[in-house]
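Engineer: Protein chains in written order, with the UniProt record's numbering: chain A, 1 to 453; chain B, 1 to 453; chain C, 1 to 453; chain D, 1 to 453.
Every residue gets a Cβ at the ideal spot worked out from N, C-alpha and C, and that includes glycine.
1) Thinking C-alpha only, which one of 275/B, 212/B, 37/B is nearest residue 59/B?
2) State whether the segment 134 to 142 of chain C contacts the segment 220 to 230 of chain C, with contact taken as three or more CB pairs (one from each stretch) at a distance under 8 Å.
3) Residue 86/B bridges to which residues according to DSSP?
4) Which residues in chain A sit within 8 Å of residue 419/D, going by Cβ to Cβ distance?
5) Are the C-beta of residue 201/B and some C-beta of chain A separated by less than 8 Å?
6) Residue 159/A to residue 354/D, Cα distance in whole Å?
7) In angstroms, rounded to a whole number, what distance separates the CA positions of residue 116/A and residue 190/A?
8) Could you tell me the boundaries of the alpha helix (DSSP H) in which residue 401/B lies?
9) Is the Cβ-Cβ distance between residue 212/D and residue 367/C less than 8 Å?
10) For a contact defined as C-beta to C-beta under 8 Å, what are the partners of residue 208/C on chain B?
11) Can you have a look at residue 229/C and say buried or exposed, based on whether 16 or more other CB atoms are within 10 angstroms of its CB?
12) What number of angstroms, rounded off, separates the C-alpha of residue 315/A from the C-alpha of residue 290/A?
13) Do the segment 293 to 305 of chain D and the segment 270 to 282 of chain D touch if we need at least three Cβ pairs shorter than 8 Å?
14) Using the three-state DSSP reduction, which class does residue 247/A fall into: helix, strand or coil?
15) Ordered along the chain, which non-local residues of its own chain (more than five positions away) have a Cβ less than 8 Å from that of residue 346/A?
16) Per DSSP, what kind of secondary structure is residue 284/A in: helix, strand or coil?
17) Start and end of the alpha helix (DSSP H) containing residue 124/B?
18) Residue 236/B to residue 311/B, Cα distance in whole Å?
19) Where does residue 278/C land, buried or exposed, given buried means 16+ other C-beta within 10 angstroms?
20) Classify residue 174/C as helix, strand or coil using the three-state DSSP reduction.
21) Just to confirm my understanding: we take residue 231/D, look at its own chain, exclude 5 residues before and 5 after, and list those with CB closer than 8 Å. What are they?
22) Is residue 293/A near the ligand MN, going by C-beta to nearest heavy atom under 7 Å?
23) Considering only DSSP beta bridges, list what residue 340/C is partnered with.
24) For residue 237/C, would you say it is in contact with chain D, using Cβ-to-Cβ distances shorter than 8 Å as the test?
25) Going straight from the alpha carbon of residue 337/B to that of residue 177/C, what length do you get?
26) Please report how far the alpha carbon of residue 218/A lies from the alpha carbon of residue 100/D, in whole angstroms.
27) Would you kindly check if the distance between the Cβ of residue 150/D and the Cβ of residue 87/D is under 8 Å?
28) Could you spell out where the beta strand (DSSP E) holding residue 370/C opens and where it closes?
29) Enumerated in chain order, which unbroken segments of the beta strand (DSSP E) with a length of 3 residues or greater are wholly contained in the segment 192 to 235 of chain D?
30) What residue range is occupied by the uninterrupted beta strand (DSSP E) comprising residue 72/A?
31) Buried or exposed for residue 139/D, going by 16 or more other Cβ atoms inside 10 Å?
32) Does residue 6/D get closer than 8 Å to chain C when you measure Cβ to Cβ?
33) Any beta carbon from chain C within less than 8 Å of residue 205/D's own beta carbon?
34) Between the C-alpha atoms of residue 370/B and residue 127/C, what's the straight-line distance to the nearest angstrom?
35) What are the residues that DSSP puts in a beta bridge with residue 60/B?
Spelled out as structure tokens, the structure:
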């Protein structure tokens, strides 16, 4: 029976994104009969939680709503009888992300906080925590939906479903929405008039697009976005997290599918590395920039008169992320049958990956969860790429769950962004030591490393 | 570029269903800017074409529309520059169907005009004609959509796509709509509030259903439709073509999926056979009943004052068939993204059948055709059943295209409705002789049979 | 470490086949360093066990061997430290088989003791026992191989591996060896000069054959075995269990693969039924004939001078069965890498069946078990047939393990040899009652049936 | 009908390997009734052909055989009525290989003449020629077997079968035999007492090994080969082509499968690169070393008294290559059913790669070709790796056949040995120019590149 009033819990509620999330709920006040919103954080995030939580309360009040916005460090209290649990936490906070990006770059390797060495360590830190959260949910809110937008979103979702057994998990990302809006801009039509089919993995998907007349426009969008000869200055909106380096037009011209912005890391690795090394040398890696932006944002948030999402947040990157989460929650609650691109069980929608994998795929969002639109098969080149990424993901998740060092090393080895060999091993060891505090599953190995130093 | 005015061609335009089709178009006059409708038939159907064609013209006029309704025996003239071609023809007319049903029954075998021996012969007669039509279309209207509702709809669609190479073919059937309305009635909610996932083959699909709150209602519908202990007298609306014999509740209770009405032929073959043998003895096989109904309908259609679809047509069976075709055309033309259950390319949507098969599956209808919702896998029992039916379909189509007698005999052998052995062979030979006129591909064999008689 | 002396246990040791088994071991005395053979049976089989056991002891003695042949009703004592456990038991003895065959025929339905209604009941009776045996083995001989030739051999093997978790199970059947010898006779060359590829299920496999020069001879063997126009009187050796009714040549001519003798039940069901009904009316069903033959055999076995396998046993049917078991044991023990057709894990060897299914397939027998030769895919017709049979097998096994009546009824429904509907249900109920004593898992249902009688 | 006398043609007969091939045939003189051996080469290889051809003639004579050894530049004359055609040619000779290795290294990239950038260019040069040879074979020797050991052996074999339609192609490599002998040495038993299962791609396969007692020894071999703590100095025999750098033990310890020596390039890329850059700087890349060795070999071959394979050839690398070819030919001719690891059609033997792919897999060699032993699935990590390599292979072959520059660039992009981005494009362009003479399919693009220089 559909509940009349709903309770929403956000784990990592002290995040700078929270205002966007609150704004998203307010925008949907007519379709989401919210009773309570619980913002949960940990001791280390208490100050931020209080700042952004107070602002959230002001926003709700300014909207004239009677929702109760609770701030707590007690996760279990928050989870009790929750209907939707969204996760946007960051184990080790932004300092951990700085390590994820800077340590690899110090070895001449792209860190990449989702699919690269950095993202793998984020998985190592996050997966044990998500499994803990699920253990609590099993006891306290056994019917709740888990809306994950903690990165690496695909791997965390796979861990939640395969290892946590929580089928009601949906993984989210803002990249597909950005692609959609971008393509629409290129074609000069509203995105609602286009039909999109996405498939792949989180930060590693491709898509095709058709217009209202039934013509496939994929090749045209490739031309408009990437052909350097086209006079008019057009560019893909991209994602704030990624330097706006151009794809090599000739390499993707005949692909027949549109890559996602993160594919730059794989299609033009060297060029991305150059750029990142420059940022590294200036102390301007993405993590460092974000940390500064965040500090500024929290300064803004402290303003007791601010009761709306400030423009600066949009520049933070990750736009649409929280909005996507709100839309997903509204779609599930109201059986809206919206089409969204989410991380969910494959079940054969993408033939090239294992049946029981988590994939990121265009889906109809129903009250019983996402129903993927069937995608079929890729051509050999993207097929091979997405297959090795899935192999890397599965090996990484397995290492995250078991703390098996050899598996972690092997996951590094097969990751296309990490060169294999002695450097990779050195990098792995250095990162294990650097993230020691948040990697209890690797404790034994880390101790050994420390002894041998 | 979307055409401003469209031309629709209906092959088998002299059918008694035509008024429903016209009514369907009139209902959608605001979304379908029709310029011309061409009703095509063959010499043998000329009289019917003239009667029903005149009535179609009266209907259009009564609706105050300026559409031109053309009647012709010249298929090529009609196809020139067509946008949509719908096919509802019957090679050999109803007399052929009477043979399809009565000859098998004379051997104690269910004929079943879609998937049984009768349906296989209908495929043998129809597939060469559909391939001819496609040859004309390739030349005369290379961008047109082929909307097939000629039975056996799945096999004809597979032949059109695999052997005819006409990718823009969509197969239709009215059975899924009937199931949907039926389930909704059982659950006491409008069908629009439910979510359905169908998969399988034409007249051989199963489905699952969820309510607006996200609860799967499949088991509840099974209970309400089939549990004999439920006091209230409920029954599945069924399909007029099928005797309303009850499924065996205990056999389907634990299936986890809802069968379609045609599954009666497979789940309770003996009971259906008893019933059909009785009809046979009274000269009341479905084909004979339909023939009489049709004669009555045409008497009605002759009335120059009749300018609307008469109530009696609804009783003819096949309700919703033409309406489905109109909805499909409107959905493609307007990119409506309606969910419909159609026969289309599998591409992995139903994991248990070959990737390149035609399956009947819930799909989003876009301007570039149907996009199936992924279904996944069946449990072992329905999996095995749908797999042997696909094997039978492929073998039948191959025999229809090549005229290979041994393949035809083997297709009979593996069809679950046809007992194998000497009787099957006798039946095959008798039907080949009976349908001789419409089976040019089997000419050589038929001649041999005639000699040996 | 390879054991120097081995202990072999035969469950159902009182079987009339035991002398063939003993003969098989004696033939292989140089490659099998047997220390003990244990013949195990149950109380009801005690007399037979004593008769045939004494004879086995005489055979071993006559061969001048020092093997200890133990007779026991204590299965656990026998299993202790066993190296190979072969199973050839029959729950309910031949009287149960008589019911398996006669009850279906009394309803006009083929019983078929392996894949038909009879075989399904044999699975219902046998699977709980095999799972019990495995429980004992887990405790008493955790490294032993289980060589199953209890029918239905494929289903029993699948239950042992999937439900019992006993990976070291190999299923055996004598049908493939008979096919091999038969083909060789047709081609006039020793079977060792031919190359065979079998795939499918137990009593439901097809094969292809090549000669020493690399030419495929499958079509030629089909001609020689089944073309009625070929002057010389040739016939397939068949299997003593099956009436030697001819396949319909035209139906299998273009198959491209050779059917097995049991395919007659599916390819020419009606003809087989006629034949079986005649035997039924005369009290000469296969089971009844076997029962009489067995009585005669045991009379022979009582002869204290008989110390070799009598000729009459060969006529019993099942020739090569025990020899195959001995050869399998010798191949495993000695890593002989013989090619045998066995029931083992699919793992993709037959693409058309689930990866984790048990299939019957040509395999190289190594010391770590069978390694299947890859088969690939079947054409649509055999593909569909083998797929529905696997669906039936899985549903039957699931019913056997759980005692779920609805699943049992559904397994009946999809079995191609059992017509569906009321008759099937009546048959199921009658058989449940008839076999009541050996179907504890169905106890609840049977009680209900008894009440409603 | 098996031919009484056979004609063998070797394309690239002027190779320094020819003496090993001849020796291989001589060793098998009792099972191979050779009538003629034709050594074919092109104008540029004439001198070598004459030198090594004369030596081949001396070897045959010394063995007291009456085989006719013909030397020719006329390929068509040679192919007429051939029974076996082996290919060991090198388009562009060793100078092309030097470019394949040195140009990438000049960009800091491993060239790798089989799977790296170098191997891809070897494929670009070789595939058009192999397709030409097949065109000739279709006309002149339509029943001949094509035994390919021209590298990249897997891609050339896939092109021959998929694009050339020559089903009777078998690809060979000496790496598996070396692995087998290596493992046997580690385990201290003859290789014939072990059972091996290989699967993967050419120079990219893994394997498992069992002993005569049925115990899997894979983990033990990993330990003995790669655990640096094991006191005794053991090393894998490796392959002369590859620097003997140690695998990282911790990375492969838990793999459960044994990598092949070429996996070093993927598992420890950086370490291999260091080593290769050093060789590069000294003018001692493998290609340069081989070129010098070959010059020495040909000096030896000129000696009119030399009529046996000199010891020095063994050191050339590629040991066992020619012997494998001879064994394959003998196995096909005599239906020997030897187990060999060859490149052949997958057909599901390795579940992780497309059904119609060419894979390198343990196979039984029969007179109708290789019959793969079923392998099943890999774990996620090797699965992903082999899948991206197959994607790279398919894309490379497609570029080789069509001359599509964008596909070539994309194949570079996804190759794990080639970093992606501007450097990759520069490398591709430089190699296209360098190999201009042998890349007619890319002529248009090369012309454009030359203009823009």
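Structural biologist: Reading off the structure:
1) Start at 1 with the first residue of the second chain, and residue 59/B comes out as number 59. For residue 59/B, the nearest C-alpha among the options comes from 37/B.
2) no
3) Along the second chain, read from residue 1 onward, the residue named residue 86/B stands at position 86. According to DSSP, residue 86/B bridges with 10/B, 147/B.
4) If you number the fourth chain from 1, residue 419/D lands on position 419. Ordered by position in chain A, the residues that pass the 8 Å Cβ test against residue 419/D are 269, 270.
5) By 1-based counting over the second chain, the position of residue 201/B is 201. Cβ-Cβ to chain A under 8 Å: no for residue 201/B.
6) Indexing the first chain from 1 puts residue 159/A at position 159. Indexing the fourth chain from 1 puts residue 354/D at position 354. Their backbone Cα atoms lie some 27 Å apart in a straight line.
7) Taking the first residue of the first chain as position 1, residue 116/A is located at position 116. Taking the first residue of the first chain as position 1, residue 190/A is located at position 190. Cα to Cα, the separation comes out at about 34 Å.
8) What you label residue 401/B is simply residue 401 of the second chain in a count that begins at 1. Its alpha helix (DSSP H) spans residues 380 to 402.
9) Here the question's residue 212/D lines up with position 212 in the fourth chain. Here the question's residue 367/C lines up with position 367 in the third chain. Their beta carbons are under 8 Å apart, which means residue 212/D touches residue 367/C by this criterion.
10) Locating residue 208/C in the third chain gives position 208, where the first residue counts as 1. Under the 8 Å cutoff, chain B gives no residues; its nearest Cβ is about 17 Å from residue 208/C.
11) Taking the third chain and counting its residues from 1, one reaches residue 229/C at position 229. It is exposed - the Cβ of residue 229/C has fewer than 16 other Cβ atoms within 10 Å.
12) As a position in the first chain, residue 315/A is number 315, starting the count at 1. As a position in the first chain, residue 290/A is number 290, starting the count at 1. Going from the Cα of residue 315/A to the Cα of residue 290/A covers about 10 Å.
13) no
14) What you label residue 247/A is simply residue 247 of the first chain in a count that begins at 1. Note: residue 247/A maps to coil in three-state DSSP.
15) Indexing the first chain from 1 puts residue 346/A at position 346. Within the same chain, residue 346/A has close Cβ partners 353, 354, 355, 356, 357, 358, 359, 361, 372.
16) Position 284 of the first chain, counted from the start, is the residue given in the question as residue 284/A. Three-state DSSP puts residue 284/A in coil, outside helix and strand.
17) Numbered from its first residue, the second chain carries residue 124/B at position 124. Here the alpha helix (DSSP H) through residue 124/B covers 117 to 140.
18) Here the question's residue 236/B lines up with position 236 in the second chain. Here the question's residue 311/B lines up with position 311 in the second chain. Because residue 236/B sits at a pLDDT of 47, beneath the cut-off of 50, its placement in the model cannot be relied upon, and the point is left open.
19) Position 278 of the third chain holds residue 278/C. Burial call: exposed.
20) One-based indexing of the third chain puts residue 174/C at position 174. In the structure shown, residue 174/C sits in coil (DSSP, three-state: anything other than H, G, I, E or B).
21) As a first step, residue 231/D is located in the fourth chain; it is residue number 231 there, counting from the start. At residue 231/D the pLDDT is 45, less than 50, meaning the model places this residue with poor confidence and gives no usable figure here.
22) The ligand MN is not part of the structure shown, which contains no ligands of any sort.
23) Position 340 of the third chain, counted from the first residue, corresponds to residue 340/C. Answer is 363/C, bridged to residue 340/C.
24) Looking up residue 237/C in the third chain gives position 237. For residue 237/C, the pLDDT reaches just 48, beneath the cut-off of 50, and the residue's location in the model is therefore unreliable, although a value from the coordinates is still provided. No, residue 237/C does not count as interfacial toward chain D.
25) Counting from 1 along the second chain, the entry for residue 337/B is found at position 337. Counting from 1 along the third chain, the entry for residue 177/C is found at position 177. About 58 Å.
26) Numbered from 1 along the first chain, position 218 holds the residue referred to as residue 218/A. Numbered from 1 along the fourth chain, position 100 holds the residue referred to as residue 100/D. Residue 218/A and residue 100/D: Cα-Cα distance of roughly 36 Å.
27) Sequence index remark: in the fourth chain, residue 87/D carries index 87 (1-based). Sequence index remark: in the fourth chain, residue 150/D carries index 150 (1-based). Contact flag set, yes.
28) Counting from one through the third chain, the residue named residue 370/C turns up at place 370. Start and end: 369 to 372.
29) List check, beta strand (DSSP E) in window: 195 to 201, 204 to 210.
30) Within the first chain, residue 72/A is the residue found at index 72, counting from 1. Unbroken beta strand (DSSP E) run through residue 72/A: 68 to 72.
31) To locate residue 139/D, count along the fourth chain from 1; it is residue 139. The residue is exposed, with fewer than 16 neighbouring Cβ atoms inside 10 Å.
32) Your numbering for residue 6/D matches position 6 in the fourth chain. Taking Cβ atoms only, chain C never reaches closer than 8 Å to residue 6/D, which makes this a no.
33) To locate residue 205/D, count along the fourth chain from 1; it is residue 205. So no, residue 205/D is outside the interface.
34) Reading the second chain from its first residue, position 370 is the one you call residue 370/B. Reading the third chain from its first residue, position 127 is the one you call residue 127/C. Roughly 46 Å separates the two Cα atoms.
35) What you label residue 60/B is simply residue 60 of the second chain in a count that begins at 1. Beta-bridge pairing links residue 60/B to no other residue.
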